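Chains as they are written, first to last, in the UniProt record's numbering: chain B, 1 to 456; chain L, 1 to 456.
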Ligand SMILES: [K+]
Ligand SMILES: [K+]
C-alpha cells in the first residue's frame, strides 16, 4: 500500500497547489495508456506491433478528439484497435478538467478548493459555488454525454441495417459514428470515409446534429437542459455561444458554397440541392467535427484559407470542439466594436463584459497563433509541401478538427510528433497550458502609477 | 473668394467634428495630386502618359512611404518623375495627422481642440497639453526631419562621388537615398537597386541608421533630443519603443541569418562577415525600410514567413515605419505575461498600463490581420501565384515595407488597386480609419451589470 499512498499524497499535493498541472498530468497519463494499447499487436489488423510514432499520433488524435490519421483507421487497426480509438475519443471528449476531477476523486477521494472551482468552470457556468456540487455535476455531465451518444447511435444503426450491414456491424458502426460525432472526433470506421453516404441525409443529419450539439460545450448544454428555449433566461455565455455558433454555420456555409460552387473537383458537377447540403455539412464540420465529404486537397486555395479561419475559431468553451472558441472571438469583436464607437464598456445583451476578460481572450488568440506559426515553420523544414497545405494541417491539428490534405501521413516521424504536440496543446487549451507551466502565481501587494503608451 | 471661403468653412467643420476624417481627406488629396503629376508625360522617361493604375500605385506607394513598384523607378520615370516620388515620400513621411494639421492651419488658420489633441499625440508624448504648442511642435517635427535627412545626404553624397558619379548626380542620389531611408520608403534611383553596394558599408550603414531613426517615430525622437541617453528620464512609450526596436533587430538578424546561412541563392556563398552584415541589414529593413540586398524571391519559404511576422510588427508609433507598431506588440505580450502569472495589472518599467490600452492594441492587430487576410483572398482570385508570395506582398503593402517578390508588377490592375488600398489603410492606421468611418461617437449615460463569459 506504500506506493499507492505515495501516489495519493502526490495527487493531493498537486491538486491543491496547481489543478492545471494535475489536469495536464492526468491527460498525459490517459494518452500514455492509449499509446501503449494501440502499439500492441492486438490493436493492429495484421497482428504486429505498430510503430511508436504512429501509435502515439493515433492515441493523441483520439484522446484529443482530433481525427487526423497517419494510418487508415479502417485498414490498419483491428476491431480492438478501433475499440480503443473510440474509447479514447469518449474519454477525451469529457474534457481534461473533467478527467482530472474524476482521477482526483478516484485516487484521493477529494478535490481541493481550487480544483473544485476549476472543475466546475469546465462543466457549468451556473454552478452556484457550493463546492459539494462537483460530484453531482460530474454525474450530470457524464450522463448527458452518454444519453446523447446513445440517441445518435439509435438513429444511425437502423440506417446502416437498411443499407445492408448485419445487425452487429450496424450497431458497432452506429456506436462508432455516434461517439465520433458528439465528441467532434471525425474518425470513420469505413475505409473510404463518408463518401458512400454523401447524399444520404439519414446519415448526414444525425452526424451534423451530433457534432453541433457537442461543439456547444457542457456549460451551454446544461443551461439548455435547464431553461430550454427561453432566451431571456440564458446566461451571457450561452447567448453568445448559441448565436455565434449559428452565425458561423451560416457564414461558413455561404462562404464555402460560393467558393466551391463551380469547382468540378468537389461540388461543381452536382445538383443545386446537393451543393447546399455539402456546403452546410462542410461548414459545421470545419469548426471541429472533422468529417469530410469532398477531398480537402481538391478544394480551391481560398476555400482552404476560409476553412483555416473557421477551424481556428472552433466551437464553444469546454466543448468537444477545439480552436480559440466562439466566446473568445466574440469578446474580441465586441471590444473592437466598442473601441470604434468610442464607448467605455464592452457590452453584450445588456451586460458589461469585465475588462480582464479581454486580456484572457487576447492571450488565447496570440498563444494559439504563435503555436500554429511555430509548428508551421518547423514542419516547412521537414517537407517540400506548399505553405497552404502545411498551414491547413497545422491549424487542423491545433483546433482538433481533423480535416486533412493527407499531409500527416506523408510527414517523417518528427513532423508527426510536432502535429501531436499541437493537438495536445490545442485540446488542453493554451491558458491551462500556460498556467500549468508557470512556476508560481504571485499576489500583488502594491500598484504602479498608470502610464499609457501610444498604440498603433 | 466664395469657393475658398466655402472650402475654409468645410475644413473647419470637419476638423472640429472629426479630425480623423479631415486627416483622411487631406491624405487622399495629397495622393490625388501626386497621381496626377506622375501620370503626366513630364514624369515618364519616354515622355508619354503613364497608365492611371501605374501612376496611382506609384503615388500611393510614395506618399504611404512603402516602396512597392509596378514599374522600374530608375527606368520608367524621368528625372521629374523621380523628384515627384521623393517629394511624395518626404510629405508622406511627416505622417497623416501632421499633414492634416498643416493643411488645417493653412486653410483655416486654426485647429479645433480635438484636432490639436490629435495632432499633438501624433508628434509627441510629452506635449504638456497647452494647445498653443501645436504650431511649435509642427516646426520642431519638420525641422528635425529635414536636418536628419540633410545629414544623411551629406554622408552619402561624397561616397557616390568617390564611386565615380558626377557631383550633381551624387548630390541627387544622396538626397534621394536620404529621403528614402529616413522616411522608410525603400525606393532606389538605381536600376539594379542596392546590389552594387552590397559590401559597401559607407552606403549601407547610413541607410541602416537613417531607416532605424525614422522607424522610432517623432514622439520618441523628440524625447531623445530632450533627454538624450538618460534612460530614467524617458517616458514609458520611449522605453518600450527603443528596447523593442533593438530586440527586434537582434532577433530578426539572428533568425534571418540562421535561416539563410546556407542558402546559396542568397548569402550561402559569402564570407561570414558579409553574411552577418546582410542579416543585420535585412532585419532592419524588414520592419519597414524596404531596401533589399538579396532577391526576396530567392529566400527560403521560412525566411519569407519570418519576414512576414517582422513586417507585420513594423516600427514605432507615429513614425515613418508601418505595421501594427512595437508598442502594440509589447502591450499584448505584457498582458499575456501578466495573465500567465495571474497578476491583476499589466506592468512595465514601474508603470501600470491602463486596461483600455489593451483594447486599442487588440483592435489594431485584429483589424490589420483582417485587412491582410481579405486582401490575400481577393488577390488569390486574380493570380496563380502561390500563397507565400501573395501573403508576403500583402503584408509588405499593409505594413508599408516595400519588400517584394515582384508580384505587384505581375498583377492585373485590380490587384494593383487592392495593394494600393492596403498601403493606404496601413499608413493611415486601422484605428484612424475606423474612427474616420464611424458615424458618431456616443457618450455613455449608464452602465450594464458585469457578466463574464468563459474564454478559451
Ligand atoms: K475533430
Ligand atoms: K517602406
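Positions of the beta carbon are idealized from the N, C-alpha and C atoms, including for glycine. Source: prediction; values computed, not measured.
**Report entry** Continuous beta strand (DSSP E) stretch holding residue 351(L): start and end
**Finding:** Indexing the second chain from 1 puts residue 351(L) at position 351. Element bounds for residue 351(L): 351-353.
Query raised in the report: Within 7 Å: the Cβ of residue 185(B) and any heavy atom of ligand 1?
Result: Taking the first chain and counting its residues from 1, one reaches residue 185(B) at position 185. Yes, since a heavy atom of ligand 1 falls inside the 7 Å radius drawn around the Cβ of residue 185(B).
**Report entry** Contact with chain L by residue 366(B), beta-carbon distance below 8 Å
**Finding:** As a first step, residue 366(B) is located in the first chain; it is residue number 366 there, counting from the start. Yes, residue 366(B) lies at the interface with chain L (some Cβ there is under 8 Å from its Cβ).
Query - Cutoff 8 Å: residue 43(B) Cβ touching any chain L Cβ - result: Stepping through the first chain from its first residue, residue 43(B) is reached at position 43. No - not a single Cβ of chain L is within 8 Å of the one on residue 43(B).
Query raised in the report: CB residue 353(B) to CB residue 346(B), shorter than 8 Å?
Result: Position 353 of the first chain holds residue 353(B). Position 346 of the first chain holds residue 346(B). A contact, by the Cβ cut-off of 8 Å.
**Report entry** Residue closest to residue 239(B), alpha-carbon to alpha-carbon, out of 61(B), 224(B), 427(B)
**Finding:** Position 239 of the first chain, counted from the first residue, corresponds to residue 239(B). If we check each option's Cα against that of residue 239(B), 224(B) comes out closest.
Query raised in the report: So which residues on chain B does residue 386(L) lean against when the C-beta distance must stay under 9 Å?
Result: Mapped onto the second chain, residue 386(L) falls at position 386. Within chain B, the residues near residue 386(L) are 301, 386, 387, 388.
Query raised in the report: Apart from the five residues just before and just after residue 231(L), which ones in its own chain have a Cβ nearer than 8 Å to its Cβ?
Result: Locating residue 231(L) in the second chain gives position 231, counting from the first residue. Correct list, in chain order: 239.
Query raised in the report: Does residue 412(L) get closer than 8 Å to chain B when you measure Cβ to Cβ?
Result: Residue numbering aside, residue 412(L) sits at position 412 when the second chain is read from its first letter. Residue 412(L) does not count as touching chain B.
Query - Proximity test, residue 402(L) beta-carbon vs ligand 2 heavy atom, cut-off 7 Å - result: By 1-based counting over the second chain, the position of residue 402(L) is 402. Yes, Cβ of residue 402(L) sits closer than 7 Å to a heavy atom of ligand 2.
Requested in this report: Taking only heavy atoms of ligand 1 into account, decide whether any of them is closer than 7 Å to the Cβ of residue 73(B).
Outcome: Residue 73(B) sits at position 73 when you count from the first residue of the first chain. Residue 73(B) Cβ: outside cutoff for every heavy atom of ligand 1.
Report task. Report the three-state DSSP secondary structure of residue 45(L) (helix, strand or coil). Result -> Start at 1 with the first residue of the second chain, and residue 45(L) comes out as number 45. Coil at residue 45(L), not helix or strand.
Report task. State yes or no: is the C-beta of residue 66(B) nearer than 7 Å to some heavy atom of ligand 1? Result -> For this step, residue 66(B) is matched to residue 66 along the first chain. Yes.
Query raised in the report: the stretch 340-358 of chain L: which residues have C-beta closer than 9 Å to a C-beta of chain B, in chain order?
Result: 340, 341, 342, 343, 344, 345, 346, 347, 348, 349, 350, 351, 352, 353, 354, 355, 356, 357, 358
**Report entry** Contact list for the stretch 149-170 of chain L against chain B, Cβ threshold 7 Å
**Finding:** none
Query raised in the report: What residue does the beta strand (DSSP E) around residue 346(B) start on, and which one ends it?
Result: Within the first chain, residue 346(B) is the residue found at index 346, counting from 1. Here the beta strand (DSSP E) through residue 346(B) covers 346-348.
**Report entry** Whole-angstrom distance between residue 425(B) and residue 399(B), CA atom to CA atom
**Finding:** Your numbering for residue 399(B) matches position 399 in the first chain. Your numbering for residue 425(B) matches position 425 in the first chain. Each residue's Cα considered, the two are about 9 Å apart.
Query raised in the report: Any idea what DSSP makes of residue 261(B), helix, strand or coil?
Result: Locating residue 261(B) in the first chain gives position 261, counting from the first residue. If DSSP states are grouped into helix, strand and coil, residue 261(B) belongs with coil.
Query raised in the report: Taking DSSP as the reference, what is the three-state secondary structure of residue 80(L)?
Result: Taking the second chain and counting its residues from 1, one reaches residue 80(L) at position 80. Residue state, collapsed to three classes: helix.
**Report entry** Chain-order list of residues whose beta-carbon lies under 7 Å from that of residue 1(B) (same chain, five-residue window excluded)
**Finding:** Residue 1(B) sits at position 1 when you count from the first residue of the first chain. Only weak support exists for where residue 1(B) lies, its pLDDT of 44 falling under 50; the coordinates are left without a value.
Report task. Taking residue 302(L) as part of the alpha helix (DSSP H), name the residues at either end of that continuous run. Result -> Residue mapping note: residue 302(L) aligns to position 302 of the second chain, counting from 1. Start and end: 301-313.
Query raised in the report: Can you list the alpha helix (DSSP H) stretches of 4 or more residues lying completely in the stretch 264-300 of chain L, in chain order?
Result: 272-284
Requested in this report: Take residue 306(L) and list the residues in its own chain whose beta-carbon comes closer than 6 Å to its own, dropping the five residues that flank it on each side.
Outcome: Locating residue 306(L) in the second chain gives position 306, where the first residue counts as 1. Taken in chain order, the residues that qualify are 255.
Requested in this report: Would you identify the three-state DSSP class for residue 399(L), choosing helix, strand or coil?
Outcome: Translated into positions along the second chain, residue 399(L) becomes position 399. Coil.
Requested in this report: Can you have a look at residue 287(B) and say buried or exposed, based on whether 16 or more other CB atoms are within 10 angstroms of its CB?
Outcome: On the first chain, residue 287(B) is found 287 positions in, with the first residue counted as 1. Buried, since its Cβ has 16 or more Cβ neighbours within 10 Å.
Query raised in the report: If we cut at 8 Å on Cβ distances, does residue 92(B) have a partner in chain L?
Result: Your numbering for residue 92(B) matches position 92 in the first chain. False, the Cβ-Cβ gap to chain L never drops below 8 Å.
**Report entry** residue 449(L) versus residue 355(B): straight-line alpha-carbon distance, rounded
**Finding:** As a first step, residue 449(L) must be located in the second chain, where it is residue number 449. As a first step, residue 355(B) must be located in the first chain, where it is residue number 355. About 13 Å.
Query - Cα-Cα separation, residue 138(L) to residue 319(L) - result: The residue labelled residue 138(L) in the question sits at position 138 within the second chain. The residue labelled residue 319(L) in the question sits at position 319 within the second chain. So the alpha carbons of these two residues sit roughly 14 Å apart.
Requested in this report: Could you spell out the range, first to last residue, of the alpha helix (DSSP H) harbouring residue 233(L)?
Outcome: As a first step, residue 233(L) is located in the second chain; it is residue number 233 there, counting from the start. Premise fails: residue 233(L) is in no alpha helix (DSSP H) and is neither H nor E.
Query raised in the report: How about residue 428(L) and residue 27(L): are their beta carbons less than 8 Å apart?
Result: In the second chain, counting from the first residue as 1, residue 428(L) sits at position 428. In the second chain, counting from the first residue as 1, residue 27(L) sits at position 27. Taking 8 Å as the Cβ cut-off, residue 428(L) and residue 27(L) qualify as a contacting pair.
Requested in this report: Pull up the distance between the alpha-carbon of residue 408(B) and that of residue 393(B), whole angstroms please.
Outcome: The residue you call residue 408(B) lines up with position 408 of the first chain. The residue you call residue 393(B) lines up with position 393 of the first chain. Using only the alpha carbons, I get a separation of about 7 Å.
Requested in this report: Take every Cβ of the stretch 72-89 of chain B, pair it with every Cβ of the stretch 38-49 of chain B, and state whether three or more of those distances are shorter than 8 Å.
Outcome: yes
**Report entry** 7 Å CB neighbourhood of residue 44(B) in its chain, flanking five on each side removed
**Finding:** Walking along the first chain from the start, residue 44(B) turns up at place 44. Closer than 7 Å at the Cβ level, and outside the excluded window around residue 44(B), lie 50, 76, 77, 78, 81.
Report task. In angstroms with no decimal places, state the Cα-to-Cα distance between residue 417(B) and residue 402(B). Result -> Along the first chain, one-based indexing puts residue 417(B) at 417. Along the first chain, one-based indexing puts residue 402(B) at 402. In a straight line, the C-alpha of residue 417(B) is about 15 Å away from that of residue 402(B).
Query raised in the report: If you draw a straight line from the C-alpha of residue 390(L) to the C-alpha of residue 300(L), how long is it?
Result: On the second chain, position 390 is the one that residue 390(L) refers to. On the second chain, position 300 is the one that residue 300(L) refers to. Using only the alpha carbons, I get a separation of about 15 Å.
Query raised in the report: Under the three-state reduction of DSSP, which class applies to residue 325(B): helix, strand or coil?
Result: Translated into positions along the first chain, residue 325(B) becomes position 325. It is coil, neither helix nor strand.
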